[in-house]
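Enquirer: Read in the numbering used here, the sequence shown has 263 at position 250, and its numbers run on one by one without any break.
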Amino acid sequence: MHGMADRDPPAADPPKPPLAVTLVVAPKFSYLSLAILMDGLRVANRVSLSPAFDWIVADETGAPVPSSSGLAVTPQARLADIAFAPVAIVLTAYEPEAACTPALLNWLRRQDRRGAVIGCVDTGALALARAGLVEGARIAVHPEVVRPFREEIGEAVLLDRRFAFEGRRLSSAGGFATMDMLLALIERTGGTRLARQTAQTMMFEAAPSEFTHAAFATGGVSSLDPRLGRLVALMQDHIEDPLGIDDLCARARVDPSTARRLFRKRIGETPAAYYTRLRLERARTLLRYSQLVIAEIAVATGFADTASFSHAFKRLYGRPPSRAREDVTGL
């Protein structure tokens with residue numbers, strides 16, 4: 014008869030699906046702010062046991078958008094193709110007036126009616142104001158535009174600080190303050206521990222008075238075992254083009270039998286089952302928050318065809334992908 018210490022730990026509860034974040038870029042946006050947001054979300058996923066966030070860069074046309082530094086970014090989607098963005102963050106810098114198009118303002122209003130968190134970076138507060146979305150909220154903007162913006166928006170809605178997150182309004186004064194804003198979002202949606210781990214991994218020291226007063230504990234998948242951390246990071250980086258388990262193990266420098274033991278002991282399932290669940294969680298996010306057809310989602314999550322994708326999805330979630338679109342939820 015085995016003692017309690019000999020028993021395998023029970024399998025963990027299935028994690029909640031990743032939170033979809035839409036990064037809306039306008040001409041002459043800050044490339045630094047976009048990089049901070051994307052890399053910060055990526056790091057949060059790396060230190061989390063399961064991906065906590067999905068993100069997509071979008072604009073009105075899908076054509077390359079020039080940044081203030083001259084580098085252009087090609088959006089992954091058009092706003093018209095995104096039915097619901099649980100978190101939408103508008104990035105502008107030197108040309109906020111040009112960003113305030115009817116299409117963007119109407120899209121922001123639709124997201125707000127559905128309960129989305131609406132955010133802005135640098136001068137993006139102008140778009141939120143013209144969409145009628147800042148009343149009763151305090152919004153952080155770049156210090157250079159506080160005075161002219163107050164002439165149009167009013168003093169009550171502008172906050173002279175690095176970032177703000179009040180109710181469903183999220184804002185940053187731009188530059189490195191965007192990291193403060195992102196950590197506030199991670200803390201509210203993923204927990205204090207995940208926010209601190211993300212900050213530590215990115216060598217960023219948050220201002221205690223503006224971020225959190227809570228004590229952070231160490232943890233995350235890498236702290237369970239560095240080998241497990243390397244395997245999970247590779248899986249998260251290869252959702253669309255999944256690697257074989259032997260290939261994953263070779264790249265992570267982990268023996269396959271050791272990998273199986275680590276996954277069963279720490280997570281409660283095989284590496285293959287865990288990898289499939291990561292891909293299906295991404296698929297569920299795309300089903301809920303994008304207008305991609307099911308065949309496109311199957312390709313985006315590394316399935317050979319729609320039939321194999323539908324079979325795997327139904328086996329995990331108990332219903333086919335077509336029905337998953339009926340269950341759209343926000344924060």
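Ideal Cβ placement from N, Cα and C applies to all residues, glycine included.
Computed from a predicted structure; not experimentally measured.
Per DSSP, what kind of secondary structure is residue 187 in: helix, strand or coil?
Expert: Coil at residue 187, not helix or strand.
Enquirer: For residue 178, which residues in the same chain have their Cβ closer than 6 Å to its Cβ, ignoring the five residues on either side in sequence?
Expert: Closer than 6 Å at Cβ, skipping near neighbours: 197.
Enquirer: Cα separation between residue 200 and residue 166?
Expert: Rounded to the nearest angstrom, the two C-alpha atoms are 29 Å apart.
Enquirer: Under 8 Å, with one C-beta from each stretch per pair, do the region 249-260 and the region 314-330 reach the 3-pair mark?
Expert: Yes, since at least three Cβ pairs between the region 249-260 and the region 314-330 fall closer than 8 Å, the two stretches touch.
Enquirer: On the DSSP bridge list, what partners appear for residue 80?
Expert: BP columns for residue 80 point to 42.
Enquirer: Could you check the C-alpha separation between residue 141 and residue 159 for me, to the nearest Å?
Expert: Between residue 141 and residue 159, the C-alpha separation is close to 15 Å.
Enquirer: Pick helix, strand or coil for residue 69, following the three-state DSSP scheme.
Expert: Strand, per DSSP.
Enquirer: Anyone know if the C-beta pair for residue 338 and residue 300 falls short of 8 Å?
Expert: Yes, they are a contact pair.
Enquirer: In terms of DSSP beta bridges, what is residue 133 paired with?
Expert: Beta-bridge pairing links residue 133 to 103 and 184.
Enquirer: Once you ignore the five residues that flank residue 163 on each side, which residues in its own chain have a CB closer than 7 Å to its CB?
Expert: 171.
Enquirer: With three or more beta-carbon pairs closer than 8 Å as the criterion, would you say the region 55-62 touches the region 89-99?
Expert: Short answer: they don't touch.
Enquirer: Tell me which residues share the same chain as residue 333 and place their Cβ nearer than 6 Å to its Cβ, disregarding the 5 neighbours each side in the sequence.
Expert: Contacts found: 323 and 327.
Enquirer: In chain order, what residues of the same chain have a beta carbon less than 7 Å from the beta carbon of residue 65, not counting five sequence neighbours either side?
Expert: Here the set comprises 31, 32, 57, 58, 203 and 207.
Enquirer: So the candidates are 310, 215, 46 and 294; which of them puts its Cα closest to the Cα of residue 29?
Expert: Among 310, 215, 46 and 294, the Cα nearest to that of residue 29 is on 294.
Enquirer: Measure the CB-CB distance between residue 135 and residue 46 and report whether it falls below 8 Å.
Expert: Contact: yes.
Enquirer: Please list the terminal residues of the continuous alpha helix (DSSP H) segment that includes residue 282.
Expert: That residue, residue 282, is in no alpha helix (DSSP H); it is neither H nor E in DSSP.
Enquirer: Report all residues from its chain with a CB closer than 8 Å to the CB of residue 116; omit the five preceding and five following residues, and keep chain order.
Expert: Cβ neighbours of residue 116 beyond the five flanking positions: 73, 92 and 93.
Enquirer: On the DSSP bridge assignment, give the partners of residue 152 in chain order.
Expert: Note: residue 152 sits in a beta bridge opposite 171.
Enquirer: Between the alpha carbons of residue 305 and residue 174, how many angstroms are there, rounded?
Expert: Those two C-alpha atoms are separated by around 39 Å.
Enquirer: Once you ignore the five residues that flank residue 38 on each side, which residues in its own chain have a CB closer than 7 Å to its CB?
Expert: Contacts found: 47, 70, 72, 78, 86, 88 and 104.
Enquirer: Residues in its own chain within less than 7 Å of residue 144 by CB, not counting five upstream and five downstream?
Expert: Taken in chain order, the residues that qualify are 118, 121 and 122.
Enquirer: Could you spell out the range, first to last residue, of the beta strand (DSSP E) harbouring residue 217?
Expert: Looking at the DSSP string, residue 217 is not in any beta strand (DSSP E), and its letter there is neither H nor E.
Enquirer: Less than 8 Å between the C-beta atoms of residue 183 and residue 130, yes or no?
Expert: Their beta carbons are under 8 Å apart, which means residue 183 touches residue 130 by this criterion.
Enquirer: Tell me the residue span of the alpha helix (DSSP H) that contains residue 140.
Expert: Looking at the DSSP string, the run of the alpha helix (DSSP H) that includes residue 140 is 138-143.
Enquirer: Could you tell me the alpha carbon to alpha carbon distance between residue 106 and residue 286, rounded to whole angstroms?
Expert: Straight-line Cα distance between these residues: approximately 44 Å.
Enquirer: At what residues does the alpha helix (DSSP H) containing residue 116 begin and finish?
Expert: It spans 115-126 - the alpha helix (DSSP H) in which residue 116 sits, taken as one unbroken run.
Enquirer: Does the beta-carbon of residue 335 have 16 or more other beta-carbons within 10 angstroms, so that it is buried, or is it exposed?
Expert: Residue 335 should be labelled exposed.
Enquirer: Assign residue 53 to one of two classes, buried (16 or more other C-beta atoms within 10 Å of its C-beta) or exposed (fewer than that).
Expert: It counts as buried.
Enquirer: Please check the pair residue 240 and residue 271, which I expect to be a contact at CB under 8 Å, by giving their CB distance rounded to whole angstroms.
Expert: So it is a contact: roughly 7 Å between Cβ atoms.
Enquirer: Should residue 216 go down as buried or exposed, given a rule of 16 or more other Cβ atoms within 10 Å for buried?
Expert: When all chains shown are included, residue 216 counts as exposed.
Enquirer: In whole angstroms, what separates the C-alpha of residue 34 from that of residue 168?
Expert: Between residue 34 and residue 168, the C-alpha separation is close to 29 Å.
Enquirer: Rounded to whole angstroms, what's the CA-CA distance from residue 149 to residue 260? Just pull it up for me.
Expert: Approximately 53 Å, taken between the alpha carbons.
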